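Undergrad:
Protein chains: 2
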Amino acid sequence: MEFQENPVAPEPSAERDDRPAAPSLEPLFQLLKADLARVNALIVERMDSPVALIPQLAGHIVSAGGKRLRPMLTLAAARLCGYRGERHLALAAAVEFIHTATLLHDDVVDASDLRRGRDTANAVWGNKPAVLVGDFLFARSFQLMVADGSLRVLDILSQTAAVIAEGEVHQLITANDTATTEAAYLEVVEAKTAALFAAASRVGAIVAERPAEEEDALERFGRNLGIAYQLVDDMLDFSARESEFGKSVGDDFRDGKITLPILIAFARGDAEERTFWRRTLEAGEQGPGDLDRAISLVERRGALAETRARARRYASAAADALAVFPDSPLRRALVETAAFTTQRGF
Amino acid sequence: MEFQENPVAPEPSAERDDRPAAPSLEPLFQLLKADLARVNALIVERMDSPVALIPQLAGHIVSAGGKRLRPMLTLAAARLCGYRGERHLALAAAVEFIHTATLLHDDVVDASDLRRGRDTANAVWGNKPAVLVGDFLFARSFQLMVADGSLRVLDILSQTAAVIAEGEVHQLITANDTATTEAAYLEVVEAKTAALFAAASRVGAIVAERPAEEEDALERFGRNLGIAYQLVDDMLDFSARESEFGKSVGDDFRDGKITLPILIAFARGDAEERTFWRRTLEAGEQGPGDLDRAISLVERRGALAETRARARRYASAAADALAVFPDSPLRRALVETAAFTTQRGF
Chain Z
1 MEFQENPVAP EPSAERDDRP AAPSLEPLFQ LLKADLARVN ALIVERMDSP VALIPQLAGH
61 IVSAGGKRLR PMLTLAAARL CGYRGERHLA LAAAVEFIHT ATLLHDDVVD ASDLRRGRDT
121 ANAVWGNKPA VLVGDFLFAR SFQLMVADGS LRVLDILSQT AAVIAEGEVH QLITANDTAT
181 TEAAYLEVVE AKTAALFAAA SRVGAIVAER PAEEEDALER FGRNLGIAYQ LVDDMLDFSA
241 RESEFGKSVG DDFRDGKITL PILIAFARGD AEERTFWRRT LEAGEQGPGD LDRAISLVER
301 RGALAETRAR ARRYASAAAD ALAVFPDSPL RRALVETAAF TTQRGF
Chain U
347 MEFQENPVAP EPSAERDDRP AAPSLEPLFQ LLKADLARVN ALIVERMDSP VALIPQLAGH
407 IVSAGGKRLR PMLTLAAARL CGYRGERHLA LAAAVEFIHT ATLLHDDVVD ASDLRRGRDT
467 ANAVWGNKPA VLVGDFLFAR SFQLMVADGS LRVLDILSQT AAVIAEGEVH QLITANDTAT
527 TEAAYLEVVE AKTAALFAAA SRVGAIVAER PAEEEDALER FGRNLGIAYQ LVDDMLDFSA
587 RESEFGKSVG DDFRDGKITL PILIAFARGD AEERTFWRRT LEAGEQGPGD LDRAISLVER
647 RGALAETRAR ARRYASAAAD ALAVFPDSPL RRALVETAAF TTQRGF
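Chains as they are written, first to last, in the numbering used here: chain Z, 1 to 346; chain U, 347 to 692.
Right, dumping it as structure tokens:
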């Protein structure tokens, strides 16, 4: 498998136990467990409404087993900055609400049926309530920020929300266009994904009232982590087993989304391969066997390996950004989170 | 016609010129013209984006000839409170952005093809960018409020945005249900329409830093005006000429929306009429001639006249709320706006 780090099992030996375990989110999760439980409680409390369909639908996506990566960044950043208060909890919930609203609207936009291995909200209840509950969660997110009372946080997250929407529209425009440049692709990734990772991290530093240097370091950590995360996401669309990834493989391909694996495979492909990409992505003519062909082409042209290699560079930059903080279990857990991001199979 | 105030043309006479002209938005518009021009410029400036589709699509709906009633309420409230500064301009733009975002998402939710006599954004560009540009405008609205810097305004408008979304979901739930109560209908109207009218008006008083009494009076003005406006809107769906109203007649009926004219006609209808309403609205079985039948039933049962009569009571309550302010051309223009709301044919 392309993305397996140690394809050959090591011989049993005395050194075996020293072999580093695969990086995981578990250390970060363990360190933030208590905070995260309170964030989850707050999320449930604040998505409530007398209109029962709202908590039903919101609960469906909120409880669908997401990794809570973005709110964990807010929590971790605050703690890494030595913060001892409670403001980071509501802001982590606000960050997760923005993310959830975006997911609900994305699934409507993509007409997706499956997310994290479950039916999407739009597949269960239809597009209408999915759009409106997304709006509701977005508004709730701002109510949480207003109650917190920091105009700086409001400034950062309202701008981030605008940038995310811009990135999503930009992505629509680049769809079906094999002439999309890598620069345009990266702009989309930075806007639709990395901006919220960056803001989530910065907000943690803001509540801790730390110097600009630490704020900037955490924003750089989040931004690079977010890019790495999205690159791997785009790679997994061509390689993850459905049960593991929790969303349908080949969704991006079917939607004609132009992602890095495709850009690389297209650039390295011969004339016949480019004809294939143009037919399936630009003309949108896809038949049985085309997804398998696409998967075999991105593998054969080394596009998945190259995408993961680039993701690793962003993950390294994320880890490097944390150098301004002294060593601690939390800093190590964040470095491991960056490594996990590029090696994950889901 | 049901909603014509003077169905019989008066004889030409000496008194003719003293007959009050039909109420109009024109006096309000004239008094606010300079402010409104600056708000319009700000709207165009703040809906800009490097992603060209965003200003294109947003411009389509923003320039589609809406009455700008909600931002005018913010401008008028501030001026009525004697405000001489400029903060009301950006907040009026923020109010209009929230409204526009809501319209974009409504048209997706309703799958509408026509608004204010033009193709809807979703009909021209598809649902995807309409959802995302709505999100963008919503974020921009908050950016405008953050730049203004009042947490109180942010609090009111973020809560209003949540209430609007709740009202829209509530409306989805009552659709196709002829057992909907008038109380439930009014809750939907207050949430989806009147809340923003109320908030838009209150925000004007807030920037003027007036006592709670004036704030509350303006919020009451806005709320009652908003209810009157929506009741007439629901009535016009059964009576306006398409070219005049600018949206398709019978949209609500086709969507199975349960509005006051239907609730009244259903309550007053005989068994055969109720069977008709259940078939067309609950079962959603509509054929040729059914819209004409629905229009003739709401007329015959006096449901349009009754709806307009109720709208007039809300409009009177709106006008009464302004009694705390001294007489002035602006106050008179707002009273006329309330009268216009109930007598408008578009």
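All residues carry an ideal CB built from backbone N, CA and C; glycine is no exception. Owing to the predicted nature of the structure, the values given are computational and were not obtained by experimental measurement.
Apply the 10 Å Cβ neighbour rule to residue 379/U and answer buried if 16 or more other Cβ atoms are within range, or exposed otherwise.
TA: Sequence index remark: in the second sequence, residue 379/U carries index 33 (1-based). When all chains shown are included, residue 379/U counts as exposed.
Undergrad: Label residue 409/U either buried or exposed according to how many other C-beta atoms from any shown protein chain fall within 10 Å of its C-beta, with 16 as the threshold for buried.
TA: Counting from one through the second sequence, the residue named residue 409/U turns up at place 63. The C-beta of residue 409/U has fewer than 16 other C-beta atoms within 10 Å across all chains shown, which makes the residue exposed.
Undergrad: How is the alpha helix (DSSP H) around residue 132/Z delimited, first residue to last?
TA: In the first sequence, counting from the first residue as 1, residue 132/Z sits at position 132. First-last of the alpha helix (DSSP H) with residue 132/Z: 127-148.
Undergrad: Please name the residue in 581/U, 399/U and 673/U whose C-alpha comes closest to that of residue 172/Z.
TA: For the purposes of this step, residue 172/Z is taken as the residue at position 172 of the first sequence. Nearest C-alpha to residue 172/Z among 581/U, 399/U and 673/U: 399/U.
Undergrad: If we ignore side chains and look at the alpha-carbon of each, how far apart do residue 405/U and residue 497/U end up?
TA: Taking the second sequence and counting its residues from 1, one reaches residue 405/U at position 59. Taking the second sequence and counting its residues from 1, one reaches residue 497/U at position 151. Distance between the alpha carbons of residue 405/U and residue 497/U is about 29 angstroms.
Undergrad: What does a CB cutoff of less than 8 angstroms around residue 526/U pick up in its chain, not counting 5 residues either side in sequence?
TA: Here residue 526/U refers to the residue found at position 180 of the second sequence. So the qualifying residues of the chain are 520, 604 and 609.
Undergrad: Quick one: grab the DSSP three-state call for residue 673/U.
TA: If you number the second sequence from 1, residue 673/U lands on position 327. Looking at residue 673/U - three-state DSSP - the assignment turns out to be coil, as it is neither helix nor strand.
Undergrad: Which same chain residues end up closer than 6 angstroms to residue 356/U when comparing Cβ atoms and leaving out the 5 residues on each side of it in sequence?
TA: Indexing the second sequence from 1 puts residue 356/U at position 10. Residue confidence is low: residue 356/U scores 40 on pLDDT, short of 50, so the model does not pin down where it sits. Its coordinate-derived value is still stated next. Excluding the 5 residues flanking it on each side, residue 356/U has no same chain C-beta neighbour closer than 6 angstroms.
Undergrad: For a quick check, are the C-beta atoms of residue 226/Z and residue 194/Z less than 7 angstroms apart?
TA: As a first step, residue 226/Z is located in the first sequence; it is residue number 226 there, counting from the start. As a first step, residue 194/Z is located in the first sequence; it is residue number 194 there, counting from the start. Yes, these two residues count as a Cβ contact at 7 angstroms.
Undergrad: Listed in chain order, which residues of the stretch 145-167 of chain Z have Cβ atoms closer than 7 angstroms to some Cβ of chain U?
TA: 146, 149, 151, 154, 155, 158, 159, 161, 162, 165 and 166
Undergrad: Evaluate residue 600/U with the Cβ neighbour count: other Cβ atoms within 10 Å of its Cβ, from every protein chain shown; 16 or more gives buried, anything less gives exposed.
TA: Translated into the one-based positions of the second sequence, residue 600/U becomes position 254. Looking at its Cβ environment, which holds 16 or more other Cβ atoms inside 10 Å, residue 600/U is buried.
Undergrad: Flag residue 128/Z as yes if its beta-carbon sits less than 7 angstroms from any beta-carbon of chain U, otherwise no.
TA: If you number the first sequence from 1, residue 128/Z lands on position 128. It does: the Cβ of residue 128/Z has a partner Cβ on chain U nearer than 7 angstroms.
Undergrad: Should the stretch 183-201 of chain Z be regarded as contacting the stretch 130-149 of chain Z, the criterion being three or more beta carbon pairs within less than 8 angstroms?
TA: Contact check between the stretch 183-201 of chain Z and the stretch 130-149 of chain Z: fewer than three CB pairs, one atom from each, fall below 8 angstroms, which does not count as touching.
Undergrad: If you drop the 5 nearest sequence neighbours on each side, which residues of the same chain put their C-beta closer than 7 angstroms to that of residue 340/Z?
TA: Locating residue 340/Z in the first sequence gives position 340, where the first residue counts as 1. 23, 24 and 25, listed in sequence order.
Undergrad: Spell out whether any CB of chain Z is found under 7 angstroms from the CB atom of residue 437/U.
TA: On the second sequence, position 91 is the one that residue 437/U refers to. Any Cβ of chain Z closer than 7 angstroms to the Cβ of residue 437/U would place that residue at the interface, and such an atom is absent.
Undergrad: In three-state terms, what does DSSP make of residue 12/Z?
TA: Here residue 12/Z refers to the residue found at position 12 when the first sequence is read from its first residue. Model confidence at residue 12/Z stands at a pLDDT of 43, short of 50, so the residue's coordinates are unreliable; what they give is reported in the following sentence. Three-state result, residue 12/Z: coil.
Undergrad: Identify every run of the beta strand (DSSP E) within the stretch 422-459 of chain U, keeping only runs that are complete inside it and at least 3 residues long; order them along the chain.
TA: none
Undergrad: I'd like to know if residue 481/U contacts chain Z, where contact means its C-beta is closer than 7 angstroms to some C-beta of that chain.
TA: Position 135 of the second sequence, counted from the first residue, corresponds to residue 481/U. Judged by the 7 angstroms Cβ criterion, residue 481/U is in contact with chain Z.
Undergrad: Is there a C-beta anywhere in chain U that falls below 7 angstroms from the one on residue 60/Z?
TA: For the purposes of this step, residue 60/Z is identified with residue 60 of the first sequence, where counting begins at 1. By this cut-off, residue 60/Z is not an interface position.
Undergrad: Which first and last residues belong to the alpha helix (DSSP H) in which residue 497/U is found?
TA: Taking the first residue of the second sequence as 1, we reach residue 497/U at position 151. Where residue 497/U is concerned, the enclosing alpha helix (DSSP H) stretches over 497-520.
Undergrad: Have a look at 529/U, 679/U, 417/U and 581/U and flag the residue whose alpha-carbon is nearest the alpha-carbon of residue 545/U.
TA: Counting from 1 along the second sequence, the entry for residue 545/U is found at position 199. Comparing Cα positions, the closest option is 417/U.
Undergrad: Under 8 angstroms Cβ to Cβ from residue 375/U, same chain only, skipping five residues before and after it: list those, please.
TA: Position 29 of the second sequence, counted from the first residue, corresponds to residue 375/U. Counting only Cβ-Cβ distances below 8 angstroms, and skipping sequence neighbours, we find 382 and 418.
Undergrad: Specify the secondary structure class of residue 407/U as computed by DSSP and reduced to three states.
TA: Reading the second sequence from its first residue, position 61 is the one you call residue 407/U. Here residue 407/U sits in helix by DSSP.
Undergrad: So within the stretch 250-276 of chain Z, which uninterrupted alpha helix (DSSP H) runs reach at least 4 residues, ignoring any that extend past its ends?
TA: 251-255 and 260-268
Undergrad: Taking residue 489/U as the query, report the chain Z residues whose CB atoms sit under 7 angstroms from its CB, ordered along the chain.
TA: Indexing the second sequence from 1 puts residue 489/U at position 143. Going along chain Z in sequence order, the residues near residue 489/U (Cβ under 7 angstroms) are 158, 159 and 162.
Undergrad: Comparing the C-beta of residue 188/Z with each C-beta of chain U, is any distance below 7 angstroms?
TA: The count along the first sequence starts at 1 and reaches residue 188/Z at position 188. For residue 188/Z, the nearest beta carbon of chain U is not closer than 7 angstroms to its own beta carbon.
Undergrad: Quick check: the Cα distance between residue 313/Z and residue 182/Z, rounded to an integer number of angstroms?
TA: For the purposes of this step, residue 313/Z is identified with residue 313 of the first sequence, where counting begins at 1. For the purposes of this step, residue 182/Z is identified with residue 182 of the first sequence, where counting begins at 1. Their Cα atoms are separated by approximately 16 angstroms.
Undergrad: Hey, is the stretch 423-436 of chain U in contact with the stretch 549-558 of chain U, meaning 3+ C-beta pairs nearer than 8 angstroms?
TA: yes
Undergrad: On the DSSP letters alone, give me the boundaries of the alpha helix (DSSP H) that residue 653/U sits inside.
TA: As a position in the second sequence, residue 653/U is number 307, starting the count at 1. Here the alpha helix (DSSP H) through residue 653/U covers 649-667.
Undergrad: Residue 694/U versus chain Z: which residues are under 8 angstroms apart at the beta carbon?
TA: Any question about residue 694/U goes unanswered here, given that chain U covers just 347 to 692.
Undergrad: Quick one: using the 10 Å Cβ neighbour count with 16 as the cut-off for buried, is residue 107/Z buried or exposed?
TA: Start at 1 with the first residue of the first sequence, and residue 107/Z comes out as number 107. Buried, since its Cβ has 16 or more Cβ neighbours within 10 Å.
Undergrad: Throw me the rounded Cβ distance for the residue 326/Z and residue 31/Z pair, which I believe falls under 8 angstroms.
TA: Taking the first residue of the first sequence as 1, we reach residue 326/Z at position 326. Taking the first residue of the first sequence as 1, we reach residue 31/Z at position 31. Actually they are not in contact, since the Cβ atoms of residue 326/Z and residue 31/Z sit about 15 angstroms apart, beyond 8 angstroms.
Undergrad: Starting from the beta carbon of residue 140/Z, find every residue of chain U whose beta carbon is closer than 7 angstroms, and list them in chain order.
TA: Taking the first residue of the first sequence as 1, we reach residue 140/Z at position 140. Within chain U, the residues near residue 140/Z are 508.
Undergrad: What residue does the alpha helix (DSSP H) around residue 329/U start on, and which one ends it?
TA: Only positions 347 to 692 of chain U appear in the structure, and residue 329/U is not among them; the question remains open.
Undergrad: Counting only beta-carbon atoms, is residue 105/Z nearer than 7 angstroms to chain U?
TA: The sequence position of residue 105/Z within the first sequence is 105, counting from 1. Put simply, the CB of residue 105/Z is near chain U, with a gap under 7 angstroms to one of its CB atoms.
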